[in-house]
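Letter by letter, the sequence shown follows residues 0 to 475 of numbering that gives the first Met the number 0.
Positions of the beta carbon are idealized from the N, C-alpha and C atoms, including for glycine.
Here the structure is laid out as structure tokens; the discussion comes afterwards.
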Amino acid sequence: MEFEPVIGLEIHAQLKTKSKIFCSCSTEFGAPPNTHVCPVCLGMPGVLPVLNKKVVDFALRIAVAIGCRIAETSRFARKNYFYPDLPKGYQISQYELPIAEFGQIEIDVEGTRKKIGITRIHMEEDAGKLNHDPNRPLSHVDLNRTGVPLIEIVSEPDLRSPEEAGAYLRKLRSILRYLEICDGNMEEGSFRCDANISLRPKGREELGTRAELKNLNSFKHVEKAIQYEIRRQQAVLEEGGEVIQETRLWSPDSGKTNSMRGKEEAHDYRYFPDPDLLPLVIDDEWIQKVKEELPELPDDKTERFVEQYKLPVSDAERLTSARELAEYFEECLKTFPEPRPVCNWITGTLLGLLNAQGKTIEDSPVSAENLGGLLKLVQEDVISGKIAKTVFDEMAVSGKPAKQIVEEKGLIQVTDVSAIEEVVLKVLESSPKEVEAFKNGKKKLMGFFVGQIMKETRGKANPKIVNELLRKKLEG
Ligand code: ADP
Ligand code: MG
Ligand code: ZN
Numbered sequence: 000m001e002f003e004p005v006i007g008l009e010i011h012a013q014l015k016t017k018s019k020i021f022c023s024c025s026t027e028f029g030a031p032p033n034t035h036v037c038p039v040c041l042g043m044p045g046v047l048p049v050l051n052k053k054v055v056d057f058a059l060r061i062a063v064a065i066g067c068r069i070a071e072t073s074r075f076a077r078k079n080y081f082y083p084d085l086p087k088g089y090q091i092s093q094y095e096l097p098i099a100e101f102g103q104i105e106i107d108v109e110g111t112r113k114k115i116g117i118t119r120i121h122m123e124e125d126a127g128k129l130n131h132d133p134n135r136p137l138s139h140v141d142l143n144r145t146g147v148p149l150i151e152i153v154s155e156p157d158l159r160s161p162e163e164a165g166a167y168l169r170k171l172r173s174i175l176r177y178l179e180i181c182d183g184n185m186e187e188g189s190f191r192c193d194a195n196i197s198l199r200p201k202g203r204e205e206l207g208t209r210a211e212l213k214n215l216n217s218f219k220h221v222e223k224a225i226q227y228e229i230r231r232q233q234a235v236l237e238e239g240g241e242v243i244q245e246t247r248l249w250s251p252d253s254g255k256t257n258s259m260r261g262k263e264e265a266h267d268y269r270y271f272p273d274p275d276l277l278p279l280v281i282d283d284e285w286i287q288k289v290k291e292e293l294p295e296l297p298d299d300k301t302e303r304f305v306e307q308y309k310l311p312v313s314d315a316e317r318l319t320s321a322r323e324l325a326e327y328f329e330e331c332l333k334t335f336p337e338p339r340p341v342c343n344w345i346t347g348t349l350l351g352l353l354n355a356q357g358k359t360i361e362d363s364p365v366s367a368e369n370l371g372g373l374l375k376l377v378q379e380d381v382i383s384g385k386i387a388k389t390v391f392d393e394m395a396v397s398g399k400p401a402k403q404i405v406e407e408k409g410l411i412q413v414t415d416v417s418a419i420e421e422v423v424l425k426v427l428e429s430s431p432k433e434v435e436a437f438k439n440g441k442k443k444l445m446g447f448f449v450g451q452i453m454k455e456t457r458g459k460a461n462p463k464i465v466n467e468l469l470r471k472k473l474e475g
């Protein structure tokens, strides 16, 4: 029997507000343990939470961006459970009345566009962190993270493969980063993903029993874990067994998922409206304001790049995958207004360099203006395309403008015909055997002669002139 995988993702995105969701403590990452805490986030008795308006504003941005219906009135609820990183004994979250529902995100997988439904977005507070001592049976509680704002974004079970799940994650992360509300760092935990997976016989409408996967802390692991889980469930079903509804932990070391606990149900949490917080009312004016301030989003930008700059969709998508990269591209065009070569240099050479150095476009050693300046020198025949790569490498080290490097290193292209002719003659004279072979039909030797001349001139001879002269001397 053939099975179809069904996948739904729950994303927790940490919002980049300066202060926590219900108190004024800092959200700064990496401070000494328990230094960003106060009676509210420590869960002392008798204190009252006050909602941070910025958190609502950020949640509205993503809700509006992905076309959600926004609740006029939403509520905070208490989700009750015990854990040492949760001093109050409950997490303030939203349950029955979340801030937003019914949105969608478009993904591209293997050239096909697909809409993935968004079930809901809700706001909640993060819990603290346990640091386990590797040498002793001891755990330390750090409550700096307690009360840091999160939004949970729940997708419909619309995804059908690990690749689709990966594409969805990347698109959502990109949108959150465009909106400047989450830095999307999976490794540091500011963008976390739980994956729900089930199988059903192909063609059947009804969903199968799902397992929920946790501990997926990189894009690669999300896809790998889902892949493993699909195979595991398939083996269970093929043996006539049943998939158990449970939470499973992905282990990157073994490449397997292992049962962690039976899946809890909502009623286990004894949700009830938080009596300390008023219902949250959002009027049209607020929504309107958020709409007006929305930046151009990745899909729109891609479309515009294809239209305006005549770029292939795949290149446009690459450039718009991060807002800063798209901005770098357009900044470059201000100095050198030719989209295709600029795109090629960015996606090829520059991203290759950044990748190798583990850098992002924000800390590119070559500024957009300087890259544009380099391409201009090539276009104006001041340097050859080959020398341009050398100059680029130098720019990456020193950060100097191309023109300065070319002048300092004497890399200006030789276009003086008589100077090049001298070298051509010298090379031909010193390679009589090759000249003979060329004249006897071994035309491939053209490359050899060009190479020798370039070596002599340290790459500076204008290749067009070199070719012309060689042809004249050898053939005519
Ligand atoms: P919780 O996991 O907190 O109980 P939900 O019931 O809302 O929350 O479901 C969470 C996620 O699981 C959603 O993304 C949803 O699309 C997905 N999901 C629900 N049922 C299935 C299923 N049978 N197979 C795969 N995914 C599912
Ligand atoms: Mg869940
Ligand atoms: Zn606090």
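Residue range of the beta strand (DSSP E) that includes residue i
| i | result |
| --- | --- |
| Cys-192 | 190 to 200 |
| Ile-20 | Careful: Ile-20 lies outside any beta strand (DSSP E) and carries neither H nor E. |
| Thr-208 | Neither: Thr-208 is in no beta strand (DSSP E) and is coded neither H nor E. |
Extent of the continuous alpha helix (DSSP H) to which residue i belongs
| i | result |
| --- | --- |
| Met-43 | From DSSP, Met-43 is part of no alpha helix (DSSP H); its letter is neither H nor E. |
| Met-453 | 445 to 455 |
| Ala-367 | 367 to 378 |
Residue i, DSSP secondary structure in three states
| i | result |
| --- | --- |
| Glu-241 | coil |
| Glu-222 | helix |
| Glu-95 | coil |
| Ser-334 | In the sequence as displayed, the identity of residue 334 is Thr instead of Ser. In the structure shown, Thr-334 sits in a helix (DSSP, three-state: H, G or I). |
| Glu-9 | strand |
| Phe-304 | helix |
| Met-394 | helix |
| Gln-232 | helix |
| Leu-142 | coil |
| His-266 | helix |
| Lys-432 | helix |
| Thr-118 | strand |
Residue of the options minimising C-alpha distance to residue i
| i | options | result |
| --- | --- | --- |
| Leu-352 | Met-394, Leu-318 and Lys-375 | Met-394 |
| Val-63 | Arg-303, Phe-335 and Val-289 | Val-289 |
| Ser-217 | Ser-23, Ser-154 and Gly-165 | Gly-165 |
| Gly-207 | Lys-388, Ile-6 and Glu-421 | Ile-6 |
| Gln-232 | Pro-86, Leu-469 and Phe-2 | Phe-2 |
| Cys-24 | Cys-40, Gln-13, Lys-15 and Val-108 | Cys-40 |
| Glu-95 | Phe-81, Ser-18 and Ala-70 | Ala-70 |
| Thr-26 | Leu-310, Ser-189, Thr-118 and Asn-130 | Ser-189 |
| Gln-356 | Lys-333, Asp-392 and Cys-342 | Asp-392 |
| Lys-260 | Trp-249, Gln-378, Thr-359 and Gly-450 | Note that residue 260 is Arg in the sequence shown, not Lys. Nearest of Trp-249, Gln-378, Thr-359 and Gly-450 to Arg-260, Cα basis: Trp-249. |
| Leu-178 | Leu-376, Leu-14 and Glu-406 | Leu-14 |
| Met-122 | Asn-51, Leu-310 and Ser-160 | Asn-51 |
| Lys-219 | Arg-247, Ser-253, Ile-196 and Pro-161 | Pro-161 |
Separation of residue j from residue i, as counted between CA atoms
| i | j | result |
| --- | --- | --- |
| Ile-106 | Asp-299 | 13 Å |
| Ile-150 | Thr-111 | 29 Å |
| Pro-32 | Asp-141 | 5 Å |
| Leu-424 | Leu-296 | 58 Å |
| Ala-194 | Glu-124 | 21 Å |
| Ser-363 | Glu-163 | 30 Å |
| Pro-148 | Thr-389 | 47 Å |
| Asn-184 | Val-153 | 18 Å |
| Ile-386 | Cys-331 | 20 Å |
| Pro-44 | Glu-368 | 57 Å |
| Phe-304 | Glu-326 | 12 Å |
| Pro-278 | Lys-53 | 16 Å |
| Asp-84 | Leu-293 | 36 Å |
| Asn-143 | Lys-358 | 28 Å |
| Pro-272 | Leu-47 | 15 Å |
| Pro-340 | Leu-374 | 8 Å |
| Lys-343 | Tyr-270 | Note that residue 343 corresponds to Asn in the displayed sequence, not to Lys. Cα to Cα, Asn-343 sits roughly 54 Å from Tyr-270. |
| Asp-283 | Leu-276 | 22 Å |
Subject >> Lining residues of the ligand ZN - beta-carbon closer than 5 Å to any non-hydrogen atom, in sequence order >> reply: Counting every residue whose Cβ lies closer than 5 Å to a heavy atom of the ligand ZN, we get Cys-22, Cys-24, Cys-37, Val-39 and Cys-40.
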